[in-house]
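Just so we're aligned, residue 1 is where the sequence shown starts under the UniProt record's numbering, counting upward by one. Note that the Cβ used here is the ideal one computed from N, Cα and C, for glycine as well. Source: prediction; values computed, not measured.
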Amino acid sequence: MKHVKTNISDIKQFAASVYANGKKPCEQFGMTWASLSQLEKNNPKLTCRLEAQNNCGKVA
């Protein structure tokens, strides 16, 4: 894994940019809530919480 250096100013600027023009972050990246839901459904390990890692991706 690469070690990336940044500063608080850069992080604040990026965070502001993903909410620019009244858009939601997913909209800034050209995604909809439906497409994000489908992505999560197809790849549950992308969004699993650490506490649930043992059950990540398993269907009940």
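Residue i - containing alpha helix (DSSP H), residue span
i	result
PHE14	8-18
CYS26	25-28
LYS2	Taken as a continuous stretch (DSSP letters only), LYS2 belongs to no alpha helix (DSSP H), as it is neither H nor E.
LYS41	33-42
C-alpha gap between residue i and residue j, whole angstroms
i	j	result
GLN38	ILE8	33 Å
ALA16	VAL4	20 Å
PHE29	ILE11	17 Å
THR6	LYS23	25 Å
Chain-order list of residues whose beta-carbon lies under 8 Å from that of residue i (same chain, five-residue window excluded)
i	result
LEU36	CYS26
residue 61	Summary: the structure shown does not reach residue 61, with the chain confined to residues 1 through 60, and so no result is reported for it.
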